[in-house]
Every structure is written in C-alpha cells, then in structure tokens.
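**Student:**
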Amino acid sequence: MRSESVNHSFTYEPPLPVGRLVVKVHLVFSQVCTQRSWKRPYGVGLLVGGLDESGAHLYYNCPSGNYFKYQLFAIGSLSQAAKTYLERRFELQRKTLKSSLCTVSVLGVDEPFHLLDQESIQNVIDTFEKVPEEEEDAGEGEAEPEAAACQDVQGGSGDQDVAPMET
Numbered sequence: 001m002r003s004e005s006v007n008h009s010f011t012y013e014p015p016l017p018v019g020r021l022v023v024k025v026h027l028v029f030s031q032v033c034t035q036r037s038w039k040r041p042y043g044v045g046l047l048v049g050g051l052d053e054s055g056a057h058l059y060y061n062c063p064s065g066n067y068f069k070y071q072l073f074a075i076g077s078l079s080q081a082a083k084t085y086l087e088r089r090f091e092l093q094r095k096t097l098k099s100s101l102c103t104v105s106v107l108g109v110d111e112p113f114h115l116l117d118q119e120s121i122q123n124v125i126d127t128f129e130k131v132p133e134e135e136e137d138a139g140e141g142e143a144e145p146e147a148a149a150c151q152d153v154q155g156g157s158g159d160q161d162v163a164p165m166e167t
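In the UniProt record's numbering, the protein residues as written are 1 to 167.
Set out below in structure tokens:
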C-alpha cells in the first residue's frame with residue numbers, strides 16, 4: 001500500500017485517495033489471485049482506515065472478496081460485542097467532544113508511540129473548534145460586497161426585459 005501511494009503521488013502530485021487505495025488492494029486480494037493459478041487468501045479480512053482531502057474513511061475488505069465502507073466497524077473473534085459497544089458509544093459522541101471521552105495516541109516515523117495526556121487532547125479539541133467559528137466570521141463580511149455586486153450586475157444596464165447574461 002505504501003509503494004502504491006508513493007507511485008501515485010509521484011505521478012499525479014496529490015496524494016492517493018483512500019477509496020482508490022482500497023480498490024487497488026481489493027483487486028490484488030480478490031481478482032488477480034483468482035485469474036491465475038493462485039488462490040485467494042482464506043479467511044483474510046482487512047480493515048483499512050485513512051484520512052484524505054474528503055475526510056476520514058474506514059473500509060473493510062472481507063474474505064468473500066467484497067469491500068464495504070463503514071463509519072465504525074470491528075473484526076475478529078469478539079467483533080459483535082465490539083460493534084455493539086461502538087454503536088452505543090457512537091450515538092453518545094454526537095454531542096460536544098471532551099478530552100475525558102477520548103484517548104489519542106501518536107505514532108510517527110521519527111516519533112515513538114505515546115499517548116497524549118488530557119490537557120494536550122483538550123488543546124487539540126479547542127483548536128479544531130475555533131477554526132470553524134473564525135471561518136464563519138470571515139465569511140459574513142465577504143457576503144455583503146458579493147450581494148451588492150450581484151445587484152449592480154442585474155440592475156446596472158437599465159434593460160429590465162433582458163437577462164444579464166444575454167447578448
């Protein structure tokens with residue numbers, strides 16, 4: 001998956017969308033293996049999560065050869081209990097996010113795995129909550145000149161019967 005992402009970025013510049021990566025992995029697992037004398041891996045399910053320009057995505061490649069997109073999902077021996085837990089907690093999390101409700105771990109190339117403390121998590125949450133408010137305030141000031149410009153274009157020529165785009 002890493003080499004596929006690097007090849008796409010090198011060729012097309014923007015990063016590879018998660019959905020397209022899942023389709024390519026799906027083709028390797030299901031289609032290519034059955035077209036030749038190979039066999040598809042028995043009982044292998046793959047849970048792929050990623051973040052791209054359109055948001056967060058979670059895909060499941062199941063052993064039958066299909067793939068599906070989910071908002072939350074679990075695989076493994078206790079997957080049904082985990083799904084029930086996630087479904088109950090998912091409804092609760094539609095409210096305001098608090099640092100006491102979540103745990104964040106960080107893992108990077110040059111950074112070892114570690115958990116963030118509650119104060120750091122709350123700082124991140126506060127940062128994300130402030131950004132939409134600032135964008136709304138900036139958007140309100142720009143809407144008034146645009147509305148005035150639209151009125152000038154529509155009524156500026158004096159011809160009431162002619163649409164503004166007709167020549």
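Ideal placement from N, C-alpha and C gives every residue a C-beta, glycine not left out.
Tell me which residues share the same chain as Leu-86 and place their Cβ nearer than 6 Å to its Cβ, disregarding the 5 neighbours each side in the sequence.
**Tutor:** The answer, listed in chain order, is Leu-72.
**Student:** Relative to the C-alpha of Arg-20, which candidate in Ser-79, Ser-54, Gly-43 and Arg-89 has its C-alpha closest?
**Tutor:** Ser-54
**Student:** Which word fits Glu-144, buried or exposed, when buried means at least 16 other C-beta atoms lie within 10 angstroms of its C-beta?
**Tutor:** Residue confidence is low: Glu-144 scores 48 on pLDDT, short of 50, so the model does not pin down where it sits. No coordinate-derived value is stated.
**Student:** Quick check: what's the CA-CA separation for Val-124 versus Asn-61?
**Tutor:** 32 Å
**Student:** Tell me where the beta strand (DSSP E) around Val-69 begins and ends.
**Tutor:** Residue identity differs from the one stated: residue 69 is Lys in this sequence, not Val. Taken as a continuous stretch (DSSP letters only), the beta strand (DSSP E) holding Lys-69 covers 67 to 70.
**Student:** Classify Ile-75: buried if its beta carbon has 16 or more other beta carbons within 10 angstroms, exposed otherwise.
**Tutor:** exposed
**Student:** Counting along the chain, where does the alpha helix (DSSP H) carrying Gly-19 start and finish?
**Tutor:** For Gly-19, the enclosing alpha helix (DSSP H) has its first and last residue at 18 to 26.
**Student:** Mark Tyr-67 as exposed unless 16 or more other C-beta atoms lie within 10 angstroms of its C-beta, in which case mark it buried.
**Tutor:** buried
**Student:** Count the other CB atoms, across all protein chains shown, that sit within 10 Å of the CB of Leu-16; report buried if there are 16 or more and exposed otherwise.
**Tutor:** buried
**Student:** Select from Ser-5, Cys-102 and Lys-83 the residue whose C-alpha is nearest the C-alpha of residue 246.
**Tutor:** With the chain represented from 1 up to 167, any question about residue 246 goes unanswered, as that position is not in the structure.
**Student:** Give the secondary structure of Ala-82 by DSSP, where H, G and I count as helix, E and B as strand, and everything else as coil.
**Tutor:** helix
**Student:** Going straight from the alpha carbon of Val-109 to that of Phe-10, what length do you get?
**Tutor:** 20 Å
**Student:** Note the first and the last residue of the continuous beta strand (DSSP E) segment covering Val-48.
**Tutor:** Under the DSSP assignment, Val-48 falls in the beta strand (DSSP E) whose first and last residues are 46 to 52.
**Student:** Is Val-109 helix, strand or coil when you go by DSSP?
**Tutor:** Looking at Val-109 - three-state DSSP - the assignment turns out to be coil, as it is neither helix nor strand.
**Student:** Between which two residues does the beta strand (DSSP E) holding Leu-58 run?
**Tutor:** 55 to 61
**Student:** Based on DSSP bridge pairs, tell me the residues matched to Leu-115.
**Tutor:** Ser-105
**Student:** Whose CA, out of His-26, His-114, Ala-81 and Gln-122, lies closest to the CA of Ser-100?
**Tutor:** Taking only the C-alpha atoms, the option nearest Ser-100 is Gln-122.
**Student:** In this structure, does DSSP put Glu-4 in helix, strand or coil?
**Tutor:** helix
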